[in-house]
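Undergrad: What follows is a single structure, and I will ask about it in a moment.
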Amino acid sequence: MSGTSRFIRACRGEIHDAIPVWFMRQAGRYQPGYRRLREQYSFLEMAHSESVITEVTSRPVEELGVDAAILFSDIMIPLGPMGIDFTIEEHKGPVIARPIRTAKDLAPLRPLSAEEDLPEIFRSIERICARIDPVPLIGFTGAPFTLASYLVEGGASKYYEHTKKMMWEQPDLWRELMDRLAHTVVEHLGAQIRHGARAVQIFDSWVGALGVEDYERCVLPTMQWIFDQLRMFDVPTIYFGTGTPALLPSMKHTGASVLGIDWRIPLATVRKQLGYEVALQGNLDPMALLASWPVTSSLATHILDMMAGDARYIFNLGHGVPPGANTQHLKQLVDLVHAYPYPGS
Ligand code: CP3
Numbered sequence: 009m010s011g012t013s014r015f016i017r018a019c020r021g022e023i024h025d026a027i028p029v030w031f032m033r034q035a036g037r038y039q040p041g042y043r044r045l046r047e048q049y050s051f052l053e054m055a056h057s058e059s060v061i062t063e064v065t066s067r068p069v070e071e072l073g074v075d076a077a078i079l080f081s082d083i084m085i086p087l088g089p090m091g092i093d094f095t096i097e098e099h100k101g102p103v104i105a106r107p108i109r110t111a112k113d114l115a116p117l118r119p120l121s122a123e124e125d126l127p128e129i130f131r132s133i134e135r136i137c138a139r140i141d142p143v144p145l146i147g148f149t150g151a152p153f154t155l156a157s158y159l160v161e162g163g164a165s166k167y168y169e170h171t172k173k174m175m176w177e178q179p180d181l182w183r184e185l186m187d188r189l190a191h192t193v194v195e196h197l198g199a200q201i202r203h204g205a206r207a208v209q210i211f212d213s214w215v216g217a218l219g220v221e222d223y224e225r226c227v228l229p230t231m232q233w234i235f236d237q238l239r240m241f242d243v244p245t246i247y248f249g250t251g252t253p254a255l256l257p258s259m260k261h262t263g264a265s266v267l268g269i270d271w272r273i274p275l276a277t278v279r280k281q282l283g284y285e286v287a288l289q290g291n292l293d294p295m296a297l298l299a300s301w302p303v304t305s306s307l308a309t310h311i312l313d314m315m316a317g318d319a320r321y322i323f324n325l326g327h328g329v330p331p332g333a334n335t336q337h338l339k340q341l342v343d344l345v346h347a348y349p350y351p352g353s
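Going by this note's numbering, the first residue of the sequence shown is number 9, and it counts up by one from there.
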């Protein structure tokens, strides 16, 4: 069965039987089972425990009937073994002990050796793939810009002032930082694929903070290098960001096989702008999950109507599932997408 996943087929533009659907952050605080585990362990303890990773990653496939699992981990995890000291705080996200602002801050960072540094993750991936087969597992990393934004700012940021300052004032240091993070991304994704991940997504969640010219000069070459390196693994590659409507034509030039689109732009507009060679994934406003079902279903149906008959389309949210979402609502949404008339069915 493993060649016939409708998610993988849609990424490749091959004929499939129904519109595929999965959700970013489909494992998380909206699930009572997840919240129970979180009462016993910190997030980072969970993200390094083979049995927790396996359970939390597999559950949404079993509970919701989604067409793909995404590894339960975090974009920060591969930075630990590189020598970055950080915590993840509730409602705040990553907090970095010593932000990187100078060449001296960057020098001590070690390159990642994925399988040696994070063996529990790759053992989990093997267990997850055996458990959820024939449903595919999506591996992921953060993108260099988004990772750099945490490393340079020291945590979440509104204006990215230190990141942009480094980009403009210390272009050599910026390039060195992007380069090291790009190697981490390829090393970590390559290992995830070798252990069973059948697609990979790169989260550039905050890249929408950049103007088009800065994106093209300071980020695009790194992303092109990454997607070039990943081509040899022959799995679909998804590139996701938020606030990106102006960047999408440049993001297409990365060579990713799928672009993840947030809720700010209608998918029909994106399709018209980018053509049919790239698959599109998205883009229901996550807050629609907190509305009453008639509202959620009509907003979702509007998106499905727009993408009707599009062979390179995967339903998802425009960003992660919010903690206040309810499981029943998500399950109804999966059923709605699967029941939508599809030409291949
Ligand atoms: O999508 C999934 O189901 C897979 C799991 C996943 C997590 N983080 C689990 C997580 C993925 C893909 C990520 C990626 C991630 N982490 C991103 C990129 C995607 C995005 O959301 O834009 C970013 C920016 C981070 C950094 C980060 N880690 C943030 C902003 C937070 C949330 C802080 C909060 O309390 O709201 C985290 C922690 C985190 N990562 C949680 C989960 C389930 C919550 C941890 C908890 O239980 O307290």
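Even glycine gets a Cβ: it sits at the ideal position worked out from N, Cα and C. Owing to the predicted nature of the structure, the values given are computational and were not obtained by experimental measurement.
For residue 97, list the residues DSSP reports as bridge partners.
TA: Residue numbering aside, residue 97 sits at position 89 when the sequence shown is read from its first letter. Looking at the DSSP assignment, residue 97 forms a beta bridge with 101.
Undergrad: Which same chain residues, not among the five before or five after residue 217, have their C-beta less than 6 Å away from its C-beta?
TA: For the purposes of this step, residue 217 is taken as the residue at position 209 of the sequence shown. Around residue 217: 168.
Undergrad: Say the cut is 7 Å; is the CB of residue 46 nearer than that to a heavy atom of ligand 1?
TA: Counted from its first residue, the sequence shown places residue 46 at position 38. Under cutoff, so the answer is yes.
Undergrad: Could you give the residue range of the alpha helix (DSSP H) that holds residue 335?
TA: The residue you call residue 335 lines up with position 327 of the sequence shown. First-last of the alpha helix (DSSP H) with residue 335: 335-347.
Undergrad: On the DSSP bridge assignment, give the partners of residue 292 in chain order.
TA: Stepping through the sequence shown from its first residue, residue 292 is reached at position 284. Looking at the DSSP assignment, residue 292 forms a beta bridge with 325.
Undergrad: Specify the secondary structure class of residue 31 as computed by DSSP and reduced to three states.
TA: For the purposes of this step, residue 31 is taken as the residue at position 23 of the sequence shown. DSSP places residue 31 in coil when its eight states are reduced to three.
Undergrad: Considering Cα atoms alone, identify which of 21, 243 and 315 is closest to residue 144.
TA: The sequence position of residue 144 within the sequence shown is 136, counting from 1. The candidate whose alpha carbon is nearest that of residue 144 is 243.
Undergrad: What ranges does the alpha helix (DSSP H) occupy inside the region 257-284, keeping only unbroken runs of at least 4 residues that lie completely in it?
TA: Fully enclosed alpha helix (DSSP H) runs of 4 or longer: 275-282.
Undergrad: Would you identify the three-state DSSP class for residue 211, choosing helix, strand or coil?
TA: As a working mapping, residue 211 is identified with position 203 in the sequence shown. Of the three classes helix, strand and coil, the one that applies to residue 211 here is strand, per DSSP.
Undergrad: Along the chain, where does the alpha helix (DSSP H) containing residue 158 start, and where does it finish?
TA: Here residue 158 refers to the residue found at position 150 when the sequence shown is read from its first residue. Unbroken alpha helix (DSSP H) run through residue 158: 152-161.
Undergrad: I'd like to know whether the C-beta atoms of residue 86 and residue 52 end up nearer to each other than 8 Å.
TA: Within the sequence shown, the letter at position 78 stands for residue 86. Within the sequence shown, the letter at position 44 stands for residue 52. No.
Undergrad: How about residue 28 and residue 323: do their beta carbons lie closer than 8 Å?
TA: Position 20 of the sequence shown, counted from the first residue, corresponds to residue 28. Position 315 of the sequence shown, counted from the first residue, corresponds to residue 323. Taking 8 Å as the Cβ cut-off, residue 28 and residue 323 qualify as a contacting pair.
Undergrad: Note down, in chain order, each residue of its chain lying with its Cβ closer than 8 Å to the Cβ of residue 37, except the 5 sequence neighbours on either side.
TA: Taking the sequence shown and counting its residues from 1, one reaches residue 37 at position 29. Excluding positions up to five away in sequence, the list reads 43, 46 and 331.
Undergrad: Over the uninterrupted alpha helix (DSSP H) stretch that includes residue 140, give me the two end residues.
TA: One-based indexing of the sequence shown puts residue 140 at position 132. Here the alpha helix (DSSP H) through residue 140 covers 127-140.
Undergrad: Is residue 148 helix, strand or coil by DSSP?
TA: On the sequence shown, residue 148 is found 140 positions in, with the first residue counted as 1. Strand at residue 148.
Undergrad: Could you check if residue 99 belongs to the surroundings of ligand 1, using beta carbon to heavy atom distance under 7 Å?
TA: For the purposes of this step, residue 99 is identified with residue 91 of the sequence shown, where counting begins at 1. Yes, ligand 1 has a heavy atom inside 7 Å of this Cβ.
Undergrad: Would you say residue 328 touches ligand 1, meaning its beta carbon is less than 7 Å from a heavy atom?
TA: In the sequence shown, counting from the first residue as 1, residue 328 sits at position 320. It does: the Cβ of residue 328 is within 7 Å (strictly closer) of some heavy atom of ligand 1.
Undergrad: Find the nearest neighbour of residue 209 within the set 287, 91, 170 and 112, judged by alpha-carbon distance.
TA: Locating residue 209 in the sequence shown gives position 201, counting from the first residue. It is 287.
Undergrad: Between residue 149 and the rest of its own chain, which residues show a CB-CB distance below 7 Å, the 5 nearest in sequence each way excluded?
TA: Taking the first residue of the sequence shown as 1, we reach residue 149 at position 141. Hits under 7 Å: 83, 86, 193, 196, 197 and 210.
Undergrad: Where DSSP assigns a beta bridge to residue 246, which residues make up the other side?
TA: Position 238 of the sequence shown, counted from the first residue, corresponds to residue 246. Per DSSP, 209 and 266.
Undergrad: Based on DSSP bridge pairs, tell me the residues matched to residue 77.
TA: Taking the sequence shown and counting its residues from 1, one reaches residue 77 at position 69. Paired residue(s): 145.
Undergrad: In terms of DSSP beta bridges, what is residue 287 paired with?
TA: Counted from its first residue, the sequence shown places residue 287 at position 279. Its beta-bridge partners are 266.
Undergrad: For the candidate residues 15, 16, 348 and 21, whose alpha-carbon lies nearest to that of residue 283?
TA: Translated into the one-based positions of the sequence shown, residue 283 becomes position 275. With distances taken between Cα atoms, residue 283 lies closest to 21.
Undergrad: When we look at the beta-carbon of residue 320 and count the other beta-carbons within 10 Å, is it buried (16 or more) or exposed?
TA: Looking up residue 320 in the sequence shown gives position 312. Classification for residue 320: buried.
Undergrad: Are the beta-carbon atoms belonging to residue 106 and residue 125 less than 8 Å from one another?
TA: Counting from 1 along the sequence shown, the entry for residue 106 is found at position 98. Counting from 1 along the sequence shown, the entry for residue 125 is found at position 117. Not closer than 8 Å, so no.
Undergrad: Let me know the alpha helix (DSSP H) ranges lying completely inside the region 35-87, each 4 residues or longer, listed in chain order.
TA: List check, alpha helix (DSSP H) in window: 40-48, 51-55 and 58-72.
Undergrad: Using the Cα positions of residue 39 and residue 90, report the straight-line distance between them to the nearest angstrom.
TA: Walking along the sequence shown from the start, residue 39 turns up at place 31. Walking along the sequence shown from the start, residue 90 turns up at place 82. Rounded to the nearest angstrom, the two C-alpha atoms are 32 Å apart.
Undergrad: How would you call residue 49, buried or exposed, if buried means at least 16 neighbouring beta carbons within 10 angstroms?
TA: Looking up residue 49 in the sequence shown gives position 41. Burial call: exposed.
Undergrad: Is residue 150 near ligand 1, judged by its Cβ being under 7 Å from some heavy atom?
TA: Here residue 150 is taken as the residue at index 142 of the sequence shown, counted from 1. Because some heavy atom of ligand 1 lies under 7 Å away, the Cβ of residue 150 counts as near it: yes.
Undergrad: For the alpha helix (DSSP H) containing residue 238, name the first residue and the last one.
TA: Numbered from its first residue, the sequence shown carries residue 238 at position 230. Per DSSP, residue 238 belongs to the alpha helix (DSSP H) from 228-238.
Undergrad: Just confirm the distance between the C-beta atoms of residue 71 and residue 335, as a whole number of angstroms; I'd bet it's less than 8 Å.
TA: Here residue 71 corresponds to residue number 63 of the sequence shown, with the count starting at 1. Here residue 335 corresponds to residue number 327 of the sequence shown, with the count starting at 1. So it is a contact: roughly 6 Å between Cβ atoms.
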